[in-house]
Each structure stands twice: as structure tokens, then as C-alpha cells.
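In terms of the working numbering, the sequence shown opens at residue 1 and continues consecutively. Read the structure below first, then the notes.
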Amino acid sequence: MILDMRTLFFEGSVICIAVSGIMVYYSMVRKTYPGFHHWTIGFSFGGLGSLFLAFRGSIPDFISIILANIFISIMPFMLSYGLSTLSGIKWKWRNFYITMLILFTIFMSYATYINPSIHIRITLFNTIFLILFIESLRITLRFLPKRLGGRNYLLIFVISANIIPVALRLTISIATGDDLLFIENKDSIQCISILATIVLTLITMISLIITNAQLIEIDLKEANKKVEMLANTDELTGLFNRRYFNKALKYEFKRLQRDTQPLSLIMADIDCFKDYNDTYGHQEGDKCLQSIAGIFKRSGTRVADIAARYGGEEFVILLPNTDKIGAEKVANTLLNLVRKLKIPHSASTAGDRVTISAGIATVIPSEKTSEDILINMADKALYTSKSHGKNQFTHYASGDYAILHTNGA
């Protein structure tokens with residue numbers, strides 16, 4: 001079967017223009033990202049350029065040669081420009097390639113009117129086409145993974161595949177010096193090469209639409225994470241909120257019940273915090289809460305440790321797989337770190353600086369215990385610390401109170 005070059009160019013133009021129309025519609029009904037419009041414009045120009053080539057001999061040479069080749073060259077230029085924009089980088093080589101396109105136009109005009117040579121035009125066109133596709137591949141490999149969170153292997157494959165037929169045509173053109181891509185040429189290798197370029201251009205356009213859809217999915221996941229984080233986080237302190245703590249407590253209780261491992265809970269309260277607000281104002285009170293929250297966040301050193309704001313000036317730390325001794329070490333660290341903040345508190349009955357009191361409860365989860373029992377134990381231990389002078393912790397273990405004073409600062 002003999003492939004007709006003119007027909008191939010016409011079909012290529014129809015495909016590019018049709019898919020460009022689809023891309024325009026897609027951008028109207030779906031969210032698109034910076035760079036998508038660059039691609040749409042580039043492929044539209046490519047379609048027009050192919051259409052002008054298809055009518056070579058029936059329209060002026062300026063349109064069918066100069067404009068046609070420039071328009072088709074704009075396609076890989078806009079591909080690179082769009083990829084750099086999508087990647088969130090400034091394309092530092094943009095002006096260089098714009099200058100290259102201007103020089104390309106000048107030399108194409110020279111090889112058309114002053115020293116007519118199809119061979120020079122073919123070599124020039126394939127050279128700039130090849131360079132721009134290599135630049136697109138460079139951007140895709142180096143910068144796009146940061147935006148996508150990984151490599152887009154489909155796009156890498158398609159752009160790489162686009163380079164092959166262009167490089168083949170350039171190599172043959174330089175090696176033979178023949179006018180291989182003249183519009184009436186029916187050489188099978190050249191026609192197949194053009195056909196391959198058309199098919200790969202179509203696949204490139206489809207892969208770019210898929211890339212945009214992939215970004216929508218990535219952003220949707222990130223948005224869901226943010227919503228979930230907002231739902232589980234206390235706005236003022238940045239700690240987990242009570243809702244998340246309750247959920248984590250149920251999960252850890254069931255897990256440790258199966259494993260027969262200890263679970264400890266520290267419940268702490270800022271001493272005389274109402275008096276602090278009355279003395280220094282609520283704005284300073286919020287700053288104090290944030291400072292204390294930072295200590296709780298740092299004190300839960302393991303991934304499984306959950307530090308949360310339980311309510312008002314009350315904080316909790318859930319310590320899975322932690323026995324009595326381990327929980328007391330954490331509580332002691334908390335009290336000492338709060339003292340080291342040296343936040344003035346002239347209205348406190350526990351000293352001249354901000355302090356906290358804590359209650360610890362440790363159980364080995366079983367059918368005889370429950371999450372509420374653990375919380376009640378910690379709450380009772382905290383009350384004992386408060387009633388015995390504050391600025392200390394009390395451990396409630398196995399139903400007995402062990403009053404452990406940690407004053408000394």
C-alpha cells in the first residue's frame with residue numbers, strides 16, 4: 001500500500017485540531033492546571049501547520065512553507081513551556097528557544113526565497129523539532145516528579161518515542177542529502193515516519209490530559225488530608241483534639257487487650273489558669289496554652305504516643321505499651337519542662353511561675369476494664385495532685401493512689 005504524504009498531513013491536522021477542541025472543552029468543564037492552555041495552543045498551531053502543508057502547491061509558499069513549519073515547531077515549544085509552568089519552575093531557557101524560533105524563521109525564508117532548498121528546510125525543521133522535544137523530556141525527567149510526587153512514565157515514554165522518528169528523518173536527511181519530505185514523496189519509510197509522528201502526537205495529547213487528571217486526584221487527596229487534619233486538630237494549640245483522642249483511645253485499648261500489654265494515660269492541667277487569664281489577659285493565656293502544648297507535642301516521642309488538648313487548659317498523653325515506670329518518666333519530664341519555660345504567674349498558689357499538675361493511670365486492658373475507667377482513674381489522680389498542693393503528679397495504679405510529689409524547682 002502506498003501512503004500519500006498530503007493525506008497524512010491532512011489527517012494529522014484534523015487529529016490535532018479535533019483533540020485541541022476536546023482540550024478546550026475539558027478545560028471548561030474540569031479543573032486544569034498552569035501549562036494546560038499552553039499545550040492546547042501548541043497543538044492547535046501544530047494542526048494548522050499540518051493543514052497548510054497538506055495544501056502545498058495550492059496556497060502561497062509563505063503559508064504552506066514558512067507559516068506551516070513555524071506553526072508545527074511552536075507545538076514542541078509550547079509543550080516544553082507548559083511542562084515547565086506545570087512543574088512550577090521558571091523556564092530559564094525560554095528566551096533562548098524563542099530566539100531559536102526567530103532564527104529558524106529567517107533561515108527558512110532564506111531557504112525558500114533567496115536560495116531555495118528543500119533539503120535545508122527539512123534539516124532545519126527536524127533539528128529544531130528534535131531539540132525542543134529533548135528539552136521537553138529534560139523538564140519531564142528533572143522537574144515534573146516534584147509536582148506529581150513521582151515520575152510520569154507514560155509521558156516520559158511518549159516524549160521519548162516522539163524523538164525517534166524525528167531523529168531518523170534528520171539522520172537520513174543529513175546522510176543522503178535527498179529531498180525526502182517533499183509533499184509528493186511516496187517513500188514508504190518517510191511516510192511511515194510521518195505517520196508515527198502523528199500517532200505519537202495524539203498519544204502525547206492524551207497523556208497530557210491524563211496528567212492533568214492525575215494532578216486533580218493528587219490535589220483531592222491532599223485536600224481530604226487537610227480536612228481530616230482540621231477535623232482532628234485543635235486550632236489553637238496544633239495538638240490532636242478530643243475527638244481524635246477518643247478514637248485513638250478506643251483503637252489502642254482494643255489492640256492492647258489482644259496483646260495483653262499495658263496502656264498508660266497522663267491527664268494534666270495548668271495550675272490556676274483562670275487566675276492567669278484574669279491577671280494577664282486571654283491573649284497571653286492563649287500564648288501560654290500554645291507553649292505548654294509544644295511541650296506535650298515534644299514529650300510524645302514515639303509515633304504511637306498521642307498528645308491532645310482534652311479541653312480548656314487540660315491536656316492528655318496516651319502512651320501505648322507503656323508501664324507505670326515509663327509513664328512516670330514522661331510525667332516528670334512534662335513537669336520539669338513546663339517549669340523551665342519560666343512563664344511568670346504571680347497569681348498562682350503553686351509558685352511564681354506557670355506549673356502543671358498531672359494524673360497518671362495505667363492498666364492492662366481487659367474485659368473488666370474500659371476506656372472510661374482509664375479516663376476516670378487519670379482524672380481522679382489529677383484531682384489528687386491538685387488537692388495536695390499542685391505542681392506534681394499522682395499515679396493511680398491497680399486501684400491504689402500513689403502520691404508522688406515532684407516539687408523541687
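Don't be surprised by glycine CBs; every beta carbon is placed ideally from N, CA and C.
Is residue i helix, strand or coil when you go by DSSP?
{"i": "Pro365", "result": "coil"}
{"i": "Thr32", "result": "coil"}
{"i": "His388", "result": "coil"}
{"i": "Arg142", "result": "helix"}
{"i": "Arg151", "result": "coil"}
{"i": "Phe10", "result": "helix"}
{"i": "Phe157", "result": "helix"}
{"i": "Ile403", "result": "With a pLDDT of 48 at Ile403, under the threshold of 50, the predicted position of this residue should be treated as unreliable, though the coordinate-derived value follows. Ile403 falls in the strand class under three-state DSSP."}
{"i": "Phe55", "result": "coil"}
{"i": "Met1", "result": "Because Met1 sits at a pLDDT of 45, beneath the cut-off of 50, its placement in the model cannot be relied upon, and the point is left open."}
{"i": "His395", "result": "strand"}
Below 8 angstroms on the Cβ atoms is my guess for residue i versus residue j; work out the distance and round it to an integer in Å.
{"i": "Ala347", "j": "Tyr276", "result": "7 angstroms"}
{"i": "Ser58", "j": "Ile139", "result": "About 38 angstroms separates the two Cβ atoms, so there is no contact after all."}
{"i": "Ser173", "j": "Thr123", "result": "5 angstroms"}
{"i": "Ser84", "j": "Phe10", "result": "No, Ser84 and Phe10 are not in contact; Cβ-Cβ is about 32 angstroms, not under 8 angstroms."}
{"i": "Phe45", "j": "Met75", "result": "6 angstroms"}
{"i": "Ala350", "j": "Phe315", "result": "The pair is not a contact, with the Cβ atoms about 17 angstroms apart (cut-off 8 angstroms)."}
Looking at residue i: is its Cβ nearer than 7 angstroms to the Cβ of residue j?
{"i": "Val317", "j": "Ala304", "result": "Looking at the sequence itself, residue 317 is Ile, so the reference to Val does not match. No, they are not a contact pair."}
{"i": "Ile343", "j": "Cys272", "result": "no"}
{"i": "Val360", "j": "Ile266", "result": "In the sequence on display, residue 360 carries Ile and not Val. Their beta carbons are under 7 angstroms apart, which means Ile360 touches Ile266 by this criterion."}
{"i": "Ser387", "j": "Ala327", "result": "no"}
{"i": "Gly49", "j": "Phe77", "result": "no"}
{"i": "Thr355", "j": "Asn391", "result": "yes"}
{"i": "Met108", "j": "Arg94", "result": "no"}
{"i": "Asp234", "j": "Arg309", "result": "yes"}
{"i": "Phe43", "j": "Ser64", "result": "no"}
{"i": "Ser27", "j": "Leu79", "result": "no"}
{"i": "Ala358", "j": "Ala268", "result": "yes"}
{"i": "Trp39", "j": "Leu155", "result": "no"}
{"i": "Ser299", "j": "Leu341", "result": "no"}
{"i": "Ser13", "j": "Gly47", "result": "yes"}
{"i": "Glu228", "j": "Ile270", "result": "no"}
{"i": "Phe125", "j": "Asn162", "result": "no"}
{"i": "Pro365", "j": "Gln214", "result": "no"}
{"i": "Ile194", "j": "Leu67", "result": "no"}
{"i": "Thr32", "j": "Asn212", "result": "yes"}
{"i": "Thr362", "j": "Lys324", "result": "yes"}
{"i": "Thr127", "j": "Pro165", "result": "no"}
{"i": "Gly82", "j": "Gly150", "result": "no"}
Should residue i be counted as a contact of the ligand SAH given a C-beta to heavy atom distance under 6 angstroms?
{"i": "Ala293", "result": "No copy of the ligand SAH appears in this structure; indeed no ligand is present at all."}
> Can you list the alpha helix (DSSP H) stretches of 4 or more residues lying completely in the region 237-296, in chain order?
Replying inline: Counting only runs of 4 or more, we get 242-259 and 273-280.
>> I'd like the ranges of any beta strand (DSSP E) spanning at least 3 consecutive residues and lying wholly in the region 299-373.
In response: Listed in chain order, the complete beta strand (DSSP E) runs (minimum 3 residues) inside the region 299-373 are 306-311, 314-320 and 356-363.
> Contact between the region 46-61 and the region 216-224: three or more CB pairs below 8 angstroms?
Replying inline: Contact between the region 46-61 and the region 216-224 is absent, because fewer than three Cβ pairs lie under 8 angstroms.
> Which runs of the beta strand (DSSP E) fall wholly inside the region 71-138 and span at least 3 residues, in chain order?
Replying inline: None, since the region 71-138 contains no complete beta strand (DSSP E) of that length.
>> Across the region 194-207 and the region 255-264, are there enough close Cβ pairs to call them in contact, namely three or more that are closer than 8 angstroms?
In response: With the cut-off at 8 angstroms, the region 194-207 and the region 255-264 do not touch.
> So, do the region 245-255 and the region 366-382 have three or more beta carbon pairs nearer to each other than 8 angstroms?
Replying inline: Judged by Cβ distances under 8 angstroms, the region 245-255 makes contact with the region 366-382, as three or more pairs qualify.
> Should the region 227-240 be regarded as contacting the region 157-174, the criterion being three or more beta carbon pairs within less than 8 angstroms?
Replying inline: Segments in contact, no.
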